[in-house]
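*Asks:* The structure follows.
2 protein chains.
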Amino acid sequence: MTTEELHSSILRHRSMLCVGLDTEWAKLPDCIKGGSPADAVLRFNKEIIDATASYCIAYKPNLAFYEALGPEGLRVLEETVDHIRTSHPGKFLIADAKRGDIGNTARLYARTFFETYDFDAVTLSPYMGVETALPFLEYPGRYAIVVALSSNPGSADFEQPEKVMKKMMEVSTPENMMFVVGATKSSSLKEIRTWCPDNFFLVPGVGAQGGNAEEVIANGANSRGGLIINSSRAIIYASSGSDFAQAAAAVAAKTARV
Amino acid sequence: MTTEELHSSILRHRSMLCVGLDTEWAKLPDCIKGGSPADAVLRFNKEIIDATASYCIAYKPNLAFYEALGPEGLRVLEETVDHIRTSHPGKFLIADAKRGDIGNTARLYARTFFETYDFDAVTLSPYMGVETALPFLEYPGRYAIVVALSSNPGSADFEQPEKVMKKMMEVSTPENMMFVVGATKSSSLKEIRTWCPDNFFLVPGVGAQGGNAEEVIANGANSRGGLIINSSRAIIYASSGSDFAQAAAAVAAKTARV
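Those protein sequences? They're chains A and B, same order as listed. In terms of the numbering used here, the first sequence has 150 at position 150, counting the first letter as 1, and numbering is strictly consecutive. In terms of the numbering used here, the second sequence has 167 at position 167, counting the first letter as 1, and numbering is strictly consecutive.
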């Protein structure tokens, strides 16, 4: 997907929302828990996706939640991606994997997420250097999303957002590189946008983590939209009753509207 | 496994060697390629493990290589771990995953690698802060192995080994924390050992990447041993003929001897 297509999707949906599929069996509504944990997670994902698709531009499964189910979890991931591709074409699909390796290992991760699973983008942890992103940049229409500034309290421990963004921009374009920029400090988004006017930002930390989507848009949008605003728990666990899908849709409809 | 048990294993085997199971179907000897790629990788791993077990203290499957096989790959990973646990008890098992996430996501990764798969340790990419390691420190006898200094050319882009090690040491002990310290700069190992006298280091970059194990031991060992020296390709792909297992054993027997 090109950034122009992503911008069209934002305009068409009047939304910058990405629904984070951090689906954990223990947190599912009782009404959907029958059968194996893997089956329950898949059924839940499909209902959440069908209910929210009108109100979002992207979905972001968090790999940890699928790997925790063992080999069956990767089947759930595969079928979740297939369901989105088949029933809701045009969505931007992000593998939230925070992979951060180099050389042959990075090349294999790129092949896995882009070829085996057909994701549009993968999140990466850049500690080991610019090399962590290179193999992901070789797939036209697909993206590395490098963590620049995260939304956790300890983000200041070792993160160097300006250095990471500037060095990554030297080897990439806005058509193959995006950045994770946390929303819990939305005032700093304005400054970060000056370093990097053209790339899309994936913004976590809205919803359960306390970030405010309106402030994020005011401080971080660019002429192409430029933002994918993620909310996970506040949407998918909006209700623990049998109305979980409608409740998710209602929250999604109000989040990151433009 | 305690560090004392790991030290005993080093003394018993007269070796600090970790065999990296970066097993890629395309690189396997033709004689073992029959059946599905996943089956071939598993058969290859078992033969390599049985041939090298006398000469090493640890095995390190690289997750990228198993995830690249899709859901079947995780079954191969599971069965590889089971084979080592059953046939060669007492080996230190490292999941080379370079995970780097926080909060609930990090907790799930810890549970997956330590409970679902029974690894002794997991490699982590620390960009997002000290929080990336915390959930991994809560399992007695198991370890976070945090990347401090890697062995790739771009390691200087964003890495801050002294800062990462010192901050991680504030929240951990040598009984639950190790560090990745690349061997391609073995002279700097001596300095790094002064910052961190007691923790074990996992040292990649020996063998195919050019690091010299003798120099690593001279500069980095401590009174407990303190080193796990990894070699992957130079051992597992020592021969592409039907003698691949004996060839792997011969290289393993000469690598990281003490």
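We put the beta carbon where it would ideally sit given N, CA and C, even for glycine.
Kindly say whether glutamate 159 (chain A), judged by its beta-carbon, lies nearer than 8 Å to any beta-carbon of chain B.
*Replies:* yes
*Asks:* Check each candidate in A:Pro153, A:Phe158, A:Ile192, A:Ala121 and name the one with the smallest Cα separation from proline 205 (chain A).
*Replies:* In the sequence as displayed, the identity of residue 205 (chain A) is glycine instead of proline. The candidate whose alpha carbon is nearest that of glycine 205 (chain A) is A:Pro153.
*Asks:* Leucine 28 (chain A): which of A:Ser240, A:Ala253, A:Arg193, A:Ala256 sits nearest, CA to CA?
*Replies:* A:Ser240
*Asks:* From the DSSP secondary-structure annotation, give me the bridge partner or partners of threonine 132 (chain B).
*Replies:* Answer is none; threonine 132 (chain B) lacks a bridge partner.
*Asks:* How far does the beta strand (DSSP E) with asparagine 230 (chain A) in it extend, from its first residue to its last?
*Replies:* 227-231
*Asks:* Please check if any C-beta of chain B sits within less than 8 Å of the C-beta of alanine 64 (chain A).
*Replies:* yes
*Asks:* Might you give, ordered along the chain, the residues of its own chain that have their beta carbon closer than 6 Å to the beta carbon of methionine 128 (chain B), omitting 5 neighbours on each side?
*Replies:* Gly100, Ile102
*Asks:* So is alanine 26 (chain A) buried or exposed if we call it buried at 16+ other beta carbons inside 10 Å?
*Replies:* exposed
*Asks:* Which of helix, strand or coil does DSSP assign to cysteine 196 (chain A)?
*Replies:* Annotated three-state conformation of cysteine 196 (chain A) is coil, per DSSP.
*Asks:* How big is the Cα-Cα spacing for valine 146 (chain B) and proline 140 (chain B)?
*Replies:* 17 Å
*Asks:* In three-state DSSP terms, what is tyrosine 109 (chain A)?
*Replies:* helix
*Asks:* Would you call the CB atoms of valine 181 (chain B) and leucine 137 (chain B) closer than 8 Å?
*Replies:* no
*Asks:* Got a sec: which bits of the stretch 185-216 of chain A sit with their beta carbon under 8 Å from any beta carbon on chain B, in order along the chain?
*Replies:* Those would be none; no residue qualifies.
*Asks:* Taking only the alpha-carbon atoms, compute the straight-line gap between methionine 16 (chain A) and glutamate 24 (chain A) and give it to the nearest angstrom.
*Replies:* 24 Å
*Asks:* At which residue ranges does the stretch 30-102 of chain B contain complete beta strand (DSSP E) runs of 3 or more residues, listed in the order of the chain?
*Replies:* 58-61, 92-99
*Asks:* On a CA-only basis, which of B:Ala133, B:Glu159, B:Ala97, B:Tyr117 is nearest asparagine 176 (chain B)? Give me that one, please.
*Replies:* Taking only the C-alpha atoms, the option nearest asparagine 176 (chain B) is B:Ala133.
*Asks:* Express the C-alpha separation of lysine 60 (chain A) and histidine 7 (chain A) in angstroms, rounding to a whole number.
*Replies:* 18 Å
*Asks:* Starting from the C-beta of glycine 225 (chain B), find all residues in its chain whose C-beta is less than 6 Å away, skip the five residues before and the five after it, and write them out in chain order.
*Replies:* His7, Ile10
*Asks:* Compute the Euclidean distance between the alpha carbons of leucine 77 (chain B) and arginine 142 (chain B), then round it to the nearest angstrom.
*Replies:* Roughly 19 Å separates the two Cα atoms.
*Asks:* Between proline 135 (chain A) and chain B, is any beta-carbon pair separated by less than 8 Å?
*Replies:* no
*Asks:* Can you find a C-beta in chain B that's less than 8 Å from the C-beta of glycine 20 (chain A)?
*Replies:* no
*Asks:* Below 8 Å on the Cβ atoms is my contact criterion, and I expect tyrosine 55 (chain A) with histidine 83 (chain A) to pass it. Report the Cβ-Cβ distance as a whole number of Å.
*Replies:* With 8 Å as the limit, tyrosine 55 (chain A) and histidine 83 (chain A) do not qualify as a contact, their Cβ atoms being about 17 Å apart.
*Asks:* Residue range of the beta strand (DSSP E) that alanine 144 (chain B) falls in?
*Replies:* 143-149
*Asks:* Based on Cα-Cα distance, which residue from B:Ala238, B:Phe200, B:Ser242 lies nearest to asparagine 222 (chain B)?
*Replies:* B:Phe200
*Asks:* Residues in the same chain with beta-carbon distance under 6 Å from alanine 113 (chain A), minus the five sequence neighbours each way, listed in chain order, please.
*Replies:* Position check: residue 113 (chain A) holds phenylalanine in this sequence, whereas alanine was assumed. Taken in chain order, the residues that qualify are Ala95, Phe119, Val122.
*Asks:* Leaving out the 5 sequence neighbours to the left and right, which residues in its chain are closer than 8 Å to leucine 74 (chain B) when beta-carbon positions are compared?
*Replies:* Tyr66, Glu67
*Asks:* For a contact defined as C-beta to C-beta under 9 Å, what are the partners of glycine 129 (chain A) on chain B?
*Replies:* Ser150, Asn152, Pro153, Gly154, Ser155, Ala156, Asp157, Phe158, Glu159
*Asks:* Do glutamine 160 (chain A) and phenylalanine 92 (chain B) have their C-beta atoms closer together than 8 Å?
*Replies:* no
*Asks:* Determine the extent of the alpha helix (DSSP H) in which valine 216 (chain A) is found, giving its start and end residues.
*Replies:* 213-220
*Asks:* Using a Cβ-Cβ cut-off of 8 Å, state whether glutamate 138 (chain B) counts as contacting chain A.
*Replies:* no
*Asks:* Give the single residue among B:Glu79, B:Val258, B:Ala144 whose Cα lies nearest to the Cα of isoleucine 169 (chain B).
*Replies:* What sits at residue 169 (chain B) in the sequence shown is methionine, not isoleucine. Closest in C-alpha terms to methionine 169 (chain B), from the list B:Glu79, B:Val258, B:Ala144, comes B:Ala144.
*Asks:* Run down chain B in chain order and give the residues with a C-beta less than 7 Å from the C-beta of proline 126 (chain A).
*Replies:* Tyr127, Phe158
*Asks:* Looking at the unbroken beta strand (DSSP E) that takes in phenylalanine 179 (chain B), where does it start and where does it end?
*Replies:* 177-181
*Asks:* For arginine 14 (chain B), write down the residues that DSSP places opposite it in a beta bridge.
*Replies:* Partner(s): none; arginine 14 (chain B) has no beta bridge.
*Asks:* Is glutamate 162 (chain B) close to chain A, meaning its C-beta is less than 8 Å from at least one C-beta of that chain?
*Replies:* no
*Asks:* Counting only Cβ pairs nearer than 7 Å, list the residues of chain B close to lysine 167 (chain A).
*Replies:* In chain order: Asp157.
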